Amino acid sequence: MEAVPQETVEKLMGNVPAQKELEGIRILASSPGSVRYEIDVPDNVLNYHGCIHGGFVSTMLEIAAGMATYAYGESNVAVSCATNFVRAVRPQRLTVSADTSHKGRSTSVAHCAIVDERGRLVAESTFTMFFLGPLES
Numbered sequence: 001m002e003a004v005p006q007e008t009v010e011k012l013m014g015n016v017p018a019q020k021e022l023e024g025i026r027i028l029a030s031s032p033g034s035v036r037y038e039i040d041v042p043d044n045v046l047n048y049h050g051c052i053h054g055g056f057v058s059t060m061l062e063i064a065a066g067m068a069t070y071a072y073g074e075s076n077v078a079v080s081c082a083t084n085f086v087r088a089v090r091p092q093r094l095t096v097s098a099d100t101s102h103k104g105r106s107t108s109v110a111h112c113a114i115v116d117e118r119g120r121l122v123a124e125s126t127f128t129m130f131f132l133g134p135l136e137s
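Given below as structure tokens:
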């Protein structure tokens with residue numbers, strides 16, 4: 001796999017909230033409308049069952065949708081999403097991906113997924129992203 005250029009990484013990371021738990025995101029691949037990253041999920045984002053909290057799962061999915069849209073060179077926000085939580089998992093390294101199926105003049109649709117270390121589906125979602133304008137250089 002080719003390394004993602006540092007300039008691209010910096011632009012994509014502009015979509016990541018300044019939250020300590022998200023500092024470990026490593027972008028593995030990116031192209032316009034697509035991204036794949038991994039993250040070692042920390043212990044402090046667990047629910048009372050000891051599994052990764054659904055809110056954190058949703059955050060990881062939305063970050064992927066935003067990065068895929070950023071990869072088009074568009075600043076963006078999510079306007080809708082539908083998420084399926086498939087499997088509860090404990091803290092571990094997760095891989096998150098997003099692929100865009102539609103890009104129009106003002107919106108795009110991104111399909112996102114999270115898989116665990118064994119390649120099993122943890123959650124999937126579909127996001128509609130609204131374009132705010134071109135990314136500033």
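With the first letter of the sequence shown counted as 1, position 79 gets the number 79 in UniProt numbering; the numbers rise by one all the way through. The beta carbon of each residue, even a glycine, is placed where N, CA and C say it ideally should be. It should be emphasised that the depicted structure is a prediction, and the values quoted were computed from it without experimental measurement.
Nearest neighbour of residue i, chosen from the options [CA to CA]
| i | options | result |
| --- | --- | --- |
| residue 138 | Thr128, Val77, Phe85 and Ile114 | Past the edges of the chain, shown from 1 to 137, lies residue 138, and the structure says nothing about it. |
| phenylalanine 131 | Arg93, Ser75, Leu94 and Arg87 | Ser75 |
| phenylalanine 127 | Thr83, Arg105, Leu94 and Pro134 | Thr83 |
| tyrosine 70 | Glu38, Leu28 and Met13 | Met13 |
| alanine 68 | Ala123, Ile27 and Glu21 | Ile27 |
| serine 31 | Ala65, Ile25 and Asn44 | Ala65 |
| glycine 54 | Ile39, Ala123, Gly133 and Ala29 | Ala123 |
Where residue i falls, given that 16 or more other Cβ within 10 Å makes a residue buried
| i | result |
| --- | --- |
| glutamate 136 | exposed |
| leucine 121 | exposed |
| serine 125 | buried |
Beta carbon of residue i nearer than 8 Å to that of residue j
| i | j | result |
| --- | --- | --- |
| alanine 98 | cysteine 81 | no |
Given 8 Å as the limit, is there contact between the stretch 111-125 and the stretch 83-100, that is, 3 or more CB pairs closer than that? At 8 Å Cβ cutoff, the stretches touch.
Spell out a yes or no on whether the stretch 6-24 and the stretch 48-66 are touching, meaning 3 or more CB-CB pairs, one atom from each, closer than 8 Å. The stretch 6-24 vs the stretch 48-66: in contact.
For the pair the stretch 3-10 and the stretch 47-55, tell me if three or more CB-CB distances fall below 8 Å. Judged by Cβ distances under 8 Å, the stretch 3-10 makes no contact with the stretch 47-55, as fewer than three pairs qualify.
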